[in-house]
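Q: Residues 8 to 386, numbered by the numbering used here, are exactly what the sequence shown covers, in order. Ideal placement from N, C-alpha and C gives every residue a C-beta, glycine not left out.
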Amino acid sequence: MALLPFAFEESVFEDEEEGGGTSRTGGPLASHYNARCCEPEWFCEQVECQDDLERMNIKKFRGDLAYKKQEFQKALQEYSSCLALVPSSNIAMRRDLKESQARCLAHLGKHEEALRIAENLRNGATNTDHLTAILNLQYAIYCLLEDIENVIGCLQRLISLHPFHPQTWNLLAKTYMSLLQFPVPLSGTKAPLWQGSGLIAGSFVCHRTQSQRKDDPLLCTIHTTDSFGSCVESQSVQRPVCIPGNSGPGSTTKRASLGDRRLKDICVYACASFVRARLLFQLMQLTQSSFALENNLKTQQEIEDKIRFFELEADNFSLMTEVMGEDLVPEKLKGEAQEEVKCFPAEALPSVMTASTLEFERKWFQKLQGCFPHMDCPT
Numbered sequence: 008m009a010l011l012p013f014a015f016e017e018s019v020f021e022d023e024e025e026g027g028g029t030s031r032t033g034g035p036l037a038s039h040y041n042a043r044c045c046e047p048e049w050f051c052e053q054v055e056c057q058d059d060l061e062r063m064n065i066k067k068f069r070g071d072l073a074y075k076k077q078e079f080q081k082a083l084q085e086y087s088s089c090l091a092l093v094p095s096s097n098i099a100m101r102r103d104l105k106e107s108q109a110r111c112l113a114h115l116g117k118h119e120e121a122l123r124i125a126e127n128l129r130n131g132a133t134n135t136d137h138l139t140a141i142l143n144l145q146y147a148i149y150c151l152l153e154d155i156e157n158v159i160g161c162l163q164r165l166i167s168l169h170p171f172h173p174q175t176w177n178l179l180a181k182t183y184m185s186l187l188q189f190p191v192p193l194s195g196t197k198a199p200l201w202q203g204s205g206l207i208a209g210s211f212v213c214h215r216t217q218s219q220r221k222d223d224p225l226l227c228t229i230h231t232t233d234s235f236g237s238c239v240e241s242q243s244v245q246r247p248v249c250i251p252g253n254s255g256p257g258s259t260t261k262r263a264s265l266g267d268r269r270l271k272d273i274c275v276y277a278c279a280s281f282v283r284a285r286l287l288f289q290l291m292q293l294t295q296s297s298f299a300l301e302n303n304l305k306t307q308q309e310i311e312d313k314i315r316f317f318e319l320e321a322d323n324f325s326l327m328t329e330v331m332g333e334d335l336v337p338e339k340l341k342g343e344a345q346e347e348v349k350c351f352p353a354e355a356l357p358s359v360m361t362a363s364t365l366e367f368e369r370k371w372f373q374k375l376q377g378c379f380p381h382m383d384c385p386t
């Protein structure tokens with residue numbers, strides 16, 4: 008039997024000598040590690056400490072707990088006081104705290120301040136991990152603002168960074184579906200989505216309850232550093248149902264403003280994004296088990312139900328599957344999925360953030376243009 012390629016030092020397996028406390032090689036043995044035992048929420052009590060690192064941790068923990076309890080003003084104060092203690096050399100922690108500040112500000116209704124922090128973080132981004140965190144933050148803020156155009160833009164840029172991430176494709180498809188239900192002009196001006204005392208109900212990004220939900224978009228992280236990370240969806244989208252007399256004249260006006268051709272394109276984009284998400288989830292299930300596999304299969308079933316609404320013929324469905332899965336060769340993906348985070352050099356990062364919706368649609372959906380003239384849009 009071949010020997011395993013391990014090379015441990017013999018001192019690792021040596022017991023401490025009774026009188027010496029040294030290894031056979033003469034070097035000192037490492038002291039035993041004594042884990043620190045703390046009471047739950049110990050950092051909430053008045054803690055006297057002189058160590059700056061300990062003080063930073065205490066304030067950060069307090070801020071995180073306050074955020075979890077939805078005490079956003081208190082959390083903002085803790086994060087701000089913690090940031091004042093962090094040295095300028097600790098870039099990672101400073102970025103984390105600034106992102107936390109932005110999330111609190113967004114919850115407090117100070118969206119412009121939150122977006123300003125996100126923009127400053129973007130200007131200081133040096134790698135794709137930074138950009139992924141920024142896009143997650145912007146996505147969450149725009150969800151609270153009910154700004155569908157920018158929500159779509161954030162999801163498209165995340166896909167440009169992580170093209171093999173199924174949940175982002177799924178979220179993009181759902182957001183396109185919300186446009187089919189309550190279309191708004193995709194222009195530089197933001198159309199108001201308020202109707203009466205609340206938001207137009209039913210839209211993926213436009214539904215809000217009186218109290219903060221546990222699936223708050225600001226608690227949702229679309230990406231992990233793993234290209235096949237997971238995310239808890241903000242909300243699920245049911246098939247849009249138009250009932251005469253309930254949708255009101257405003258919906259018809261907004262729908263007409265997009266034009267029939269644009270609506271047809273969005274319909275194709277939504278279906279194609281669902282197809283791409285389903286293909287990626289199918290690839291993921293090959294390496295999953297237990298609850299992860301169960302959640303995957305459940306999501307696949309939900310996606311299949313949504314695809315069925317489009318009533319695609321078999322040939323058209325095969326064409327869409329082929330186009331959206333051109334790059335999904337399992338042997339090729341083994342390397343690319345692991346290397347995708349490294350595929351953007353630093354000088355190329357700004358182009359990812361400034362890529363337009365038109366460029367994204369041309370890259371991913373151009374081959375589908377004009378292929379589905381009789382496609383049924385589920386509106």
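(1) Does DSSP classify S107 as helix, strand or coil?
(2) Output the distance between the C-alpha atoms of D136 and F171, rounded to the nearest integer angstrom.
(3) What residue from G377, Q373, L304 and F367 has the CA that sits closest to C161's CA?
(4) Enumerate in chain order the residues of its own chain whose CB-to-CB distance from L300 is below 7 angstroms, with the five nearest sequence positions on each side excluded.
(5) Rounded to a whole number of angstroms, what is the C-alpha to C-alpha distance between T232 and I159?
(6) Which class does P357 belong to by DSSP, given the choice of helix, strand or coil?
(7) Is it buried or exposed for Y40, if we count other Cβ within 10 angstroms and need 16 for buried?
(8) Considering only C-alpha positions, which residue in the set S297, L365, W371 and N303 is nearest to T328?
(9) Taking C-beta to C-beta, are G116 and C89 nearer than 8 angstroms?
(10) If you count every other CB in all the chains shown that lies within 10 Å of the CB of K105, and 16 or more means buried, which is it?
(11) Within 8 angstroms of any Cβ in chain C, is that where the Cβ of A42 sits?
(12) Determine, using beta carbons only, whether L290 and L335 come nearer to each other than 8 angstroms.
(13) Cutting at 7 angstroms between CB atoms, please list the residues of its own chain near A82, excluding the five before and the five after it.
(14) Could you tell me which whole alpha helix (DSSP H) segments of length 4 or greater appear in the region 89-134?
(15) Any heavy atom of the ligand MN inside 7 angstroms of the beta-carbon of T361?
A: In short, the structure shows the following:
(1) Position 100 of the sequence shown, counting from 1, holds the residue named residue 107. Residue state, collapsed to three classes: helix.
(2) Numbered from 1 along the sequence shown, position 129 holds the residue referred to as residue 136. Numbered from 1 along the sequence shown, position 164 holds the residue referred to as residue 171. Cα to Cα, D136 sits roughly 15 angstroms from F171.
(3) Taking the first residue of the sequence shown as position 1, residue 161 is located at position 154. If we check each option's Cα against that of C161, F367 comes out closest.
(4) Residue mapping note: residue 300 aligns to position 293 of the sequence shown, counting from 1. Q292.
(5) Within the sequence shown, residue 232 is the residue found at index 225, counting from 1. Within the sequence shown, residue 159 is the residue found at index 152, counting from 1. Residue placement at T232 is flagged as unreliable, the pLDDT there being 38, under the threshold of 50; the coordinate-derived value follows with that caveat. So the alpha carbons of these two residues sit roughly 21 angstroms apart.
(6) Residue numbering aside, residue 357 sits at position 350 when the sequence shown is read from its first letter. DSSP places P357 in helix when its eight states are reduced to three.
(7) For this step, residue 40 is matched to residue 33 along the sequence shown. Classification for Y40: exposed.
(8) Sequence index remark: in the sequence shown, residue 328 carries index 321 (1-based). T328 has its Cα closest to that of W371, out of S297, L365, W371 and N303.
(9) Reading the sequence shown from its first residue, position 109 is the one you call residue 116. Reading the sequence shown from its first residue, position 82 is the one you call residue 89. Not a contact, by the Cβ cut-off of 8 angstroms.
(10) Start at 1 with the first residue of the sequence shown, and residue 105 comes out as number 98. Flag for K105 reads buried.
(11) The structure shown contains no chain C; it is built from a single protein chain.
(12) Taking the first residue of the sequence shown as position 1, residue 290 is located at position 283. Taking the first residue of the sequence shown as position 1, residue 335 is located at position 328. Against a cut-off of 8 angstroms, the Cβ pair of L335 and L290 comes out as a contact.
(13) Start at 1 with the first residue of the sequence shown, and residue 82 comes out as number 75. The residues are G70, A73, Y74 and C111.
(14) 98-114 and 118-130
(15) Ligands are entirely absent from the displayed structure, and the ligand MN is therefore not among its contents.
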